[in-house]
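Undergrad: Protein chains in written order, with this note's numbering: chain A, 7 to 309; chain B, 7 to 309. Sharing a structure, written as structure tokens. Questions coming.
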């Protein structure tokens, strides 16, 4: 079986003169849209599948982590069960299925997702339950992106933030490489729990799952392990409106030929609203993934 | 001034498990969508701008070559004039303008494009007139992509074909590196002059500019220099229907997270219609560029 570094695709660094000119800042995009399964989550999932001794892994995810874990388990020769809401888009269910995972569809009106996971965990005592962010193997897997970014000598790095798995991993990688780059988070304004957590000095939770267009950041709160890293490793978190996220998706399409999902555009959205902070700096924007339904993408492009 | 190899962005090789599974062939995409100015044309334009002794360069292009030459001339400190039809999309005119080129808008109902170029050439006797494909510097610039592809050991390479600038360059690069890969062309069925030329053993022309959705391949005929290379270097040319081109754009979006312009999707379209020829082979599909109007892209995604 391949090592983590053999298995992942190095991030794709993209520079666009048009985008730089438009924003007025020396930007480089670290795009994870071409990572296996279409998002950075494969780094986390592969590391987890390759590292835990269990032959069976269980997770709850309607999005990128489910796909990534399913594929990682296929490569690792392990069984994988993904709990998904019955209402998940068919395209997402099919993607997980195509990697050979078992799908457990749950009617979230009757049974909560966490409740269902608890039921399954009881039935599968040998299985490892994988959180998409609050897990040491996840953070360690994502830290490889921090290593790659460190090699480029940026003044600042902006990462999307949801549960905190990606940014805590990047922080770990930057630290390990003694990078001088300052690390910032970009979070949907509609679900600004990380922003509020950093202000309060402790984890603050959203009351309900925030209905932002950035569906990869619809988390209730940061994970505990993530928070321990974020509270000292992240300098500031920018709250980005859904309108700005959509504008960023359109700019990446038109000026950089890059298809990103809304969550992946958070970082460009953040810099559009905070240009003055980055004048004269060399900035890396992490585009976390590219998986978005064509119809949603069409609506965003229509402006 | 940078050398050609310093100035260009190496092509971005993309492999997608989902796409491979869908097509049933071991595919790799060589994507030029992130090349400077968004298409392979920058390779040609930079080589030309850096190589000719003239301080002024003139071309006629409403598309990718205009943008690429404008940017290359900006980098080379040369003057650039681009003749474009008055009816060109505003977005394309602005792109050329943004690189500092002079734009000469021509009312093609009154004055033909070639006529206008002849007028200008007479007024600017010091200027070098650059064909977008039928030019030795153009072919040499594009040959760098052939060099890069050679390093990967493919059994077959499929390239889009319009005027023949790209495929003749790739052929030159593959030859120079003694690559064993077989080279194929992918051309819009609506403008199948290259297919007919290869059959006839001489250049055959379309009667009018073919109105295919692959606007980068709306050429009347192959160039002379290109034909000399293509007639012996290209094994076969596939004619691809506009419907298949659109399907390929959608598949690249959904399965590979790749935004391509219709001309860039010709190669996937070709393989979708000729799978049996490539069973068990390792195939490289060249995606020549990514510049497409959002509205056209939206229409294609709608299916």
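Virtual Cβ for every residue (Gly too), placed ideally from N, Cα, C.
On a CA-only basis, which of 268(A), 300(A) and 250(A) is nearest residue 277(A)? Give me that one, please.
TA: Ranking 268(A), 300(A) and 250(A) by Cα distance to residue 277(A) puts 250(A) first.
Undergrad: Just verifying my parser: in three-state terms, what is the DSSP assignment at residue 188(B)?
TA: Residue 188(B): strand per DSSP, three-state reduction.
Undergrad: Please report how far the alpha carbon of residue 113(A) lies from the alpha carbon of residue 96(A), in whole angstroms.
TA: When rounded, the distance between both Cα atoms is 15 Å.
Undergrad: Three-state secondary structure (DSSP) at residue 43(A)?
TA: It is helical.
Undergrad: For residue 254(A) and residue 283(A), which I take to be in contact (beta-carbon distance under 8 Å), what is that distance rounded to the nearest angstrom?
TA: Contact flag wrong, Cβ pair sits at about 16 Å.
Undergrad: Can you tell which of 102(A), 243(A), 287(A) and 307(A) has the C-alpha that lies nearest to the C-alpha of residue 203(A)?
TA: Nearest C-alpha to residue 203(A): 243(A).
Undergrad: Any beta-carbon of chain A closer than 9 Å to the one on residue 134(B)?
TA: For residue 134(B), the answer is no, since every Cβ of chain A falls outside 9 Å of its Cβ.
Undergrad: Any Cβ of chain B within less than 9 Å of the Cβ of residue 201(A)?
TA: Chain B contact via Cβ: absent.
Undergrad: Once the 5 residues before and after residue 306(B) are set aside, which same chain residues still bring their CB inside 6 Å of it?
TA: Counting only Cβ-Cβ distances below 6 Å, and skipping sequence neighbours, we find 252 and 255.
Undergrad: How far does the alpha helix (DSSP H) with residue 273(B) in it reach, from first residue to last?
TA: Unbroken alpha helix (DSSP H) run through residue 273(B): 272-278.
Undergrad: I'd like to confirm the pairing. Which residues does DSSP put opposite residue 36(A) in its beta bridges?
TA: DSSP, once it has assigned bridges, lists 19(A) and 292(A) as partnering residue 36(A).
Undergrad: Can you grab the Cα-Cα spacing for the pair residue 267(A) / residue 270(B), in whole Å?
TA: Distance between the alpha carbons of residue 267(A) and residue 270(B) is about 21 Å.
Undergrad: Indicate the three-state DSSP secondary structure (helix, strand or coil) for residue 89(B) in the structure shown.
TA: If DSSP states are grouped into helix, strand and coil, residue 89(B) belongs with the strands.
Undergrad: Residue 143(A) by DSSP, collapsed to three states: which one?
TA: Reduced to three states, the DSSP call for residue 143(A) is helix.
Undergrad: Excluding the five sequence neighbours on either side, which residues of its own chain have a C-beta within less than 6 Å of the C-beta of residue 188(A), listed in chain order?
TA: If we look at residue 188(A) and ignore the five residues flanking it on each side, its Cβ neighbours are 162 and 241.
Undergrad: Run through DSSP, which three-state label would residue 14(B) get?
TA: Three-state result, residue 14(B): coil.
Undergrad: Count the other CB atoms within 10 Å of the CB of residue 7(A); is the residue buried (16 or more) or exposed (fewer)?
TA: So residue 7(A) counts as exposed.
Undergrad: Compile a chain-ordered list of the residues in the region 286-297 of chain B whose CB is closer than 9 Å to at least one CB of chain A.
TA: Per Cβ criterion, the list reads 295, 296 and 297.
Undergrad: Locate the beta strand (DSSP E) running through residue 166(A), then write down its first and last residues.
TA: Element bounds for residue 166(A): 162-166.
Undergrad: Helix, strand or coil, according to DSSP, for residue 134(B) in the structure here?
TA: If DSSP states are grouped into helix, strand and coil, residue 134(B) belongs with the strands.
Undergrad: Measure from the C-beta of residue 77(B) to each C-beta in chain A and report whether the shortest distance is under 9 Å.
TA: Residue 77(B) counts as touching chain A.
Undergrad: Tell me whether residue 66(A) sits in a helix, a strand or coil according to DSSP, three-state version.
TA: Strand, per DSSP.
Undergrad: Kindly say whether residue 18(A), judged by its beta-carbon, lies nearer than 9 Å to any beta-carbon of chain B.
TA: Chain B, which has a Cβ nearer than 9 Å to the Cβ of residue 18(A), makes this yes.
Undergrad: For residue 18(B), count the other beta carbons within 10 Å of its own beta carbon; 16 or more makes it buried, fewer makes it exposed. Which is it?
TA: By the 10 Å Cβ count, residue 18(B) comes out buried.
Undergrad: For residue 261(A), which option in 119(B), 296(B) and 197(B) has the closest C-alpha, if you only look at C-alpha atoms?
TA: Checked all of 119(B), 296(B) and 197(B); the closest Cα to residue 261(A) is 296(B).
Undergrad: Let me know the secondary structure DSSP gives residue 111(B) once reduced to three states.
TA: DSSP places residue 111(B) in strand when its eight states are reduced to three.
Undergrad: Helix or strand or just coil, what does DSSP make of residue 216(B)?
TA: If DSSP states are grouped into helix, strand and coil, residue 216(B) belongs with coil.
Undergrad: Where does residue 31(A) sit, in a helix, a strand or coil, going by DSSP?
TA: Residue state, collapsed to three classes: coil.
Undergrad: Under 9 Å between the Cβ atoms of residue 66(A) and residue 119(A)?
TA: Contact flag set, yes.
Undergrad: What residue does the alpha helix (DSSP H) around residue 102(A) start on, and which one ends it?
TA: 96-104 is the extent of the alpha helix (DSSP H) around residue 102(A).
Undergrad: From the beta carbon of residue 211(B), is the nearest beta carbon of chain A less than 9 Å away?
TA: Cβ-Cβ to chain A under 9 Å: no for residue 211(B).
Undergrad: Taking the continuous beta strand (DSSP E) assigned at residue 245(B), which residues delimit it?
TA: Note, residue 245(B): beta strand (DSSP E), 242-246.
Undergrad: Three Cβ pairs or more, each shorter than 8 Å: is that satisfied between the region 137-144 of chain A and the region 46-60 of chain A?
TA: Segments in contact, yes.
Undergrad: May I have the straight-line CA-CA distance separating residue 155(A) from residue 236(A), to the nearest angstrom?
TA: Cα to Cα, residue 155(A) sits roughly 17 Å from residue 236(A).
Undergrad: Just to confirm, is the Cβ distance from residue 258(A) to residue 193(A) under 9 Å?
TA: For residue 258(A) and residue 193(A), no; Cβs fall outside 9 Å.
Undergrad: By the criterion of Cβ-Cβ separation under 9 Å, what are the contact partners of residue 13(B) in chain A?
TA: Under the 9 Å cutoff, chain A gives no residues; its nearest Cβ is about 12 Å from residue 13(B).
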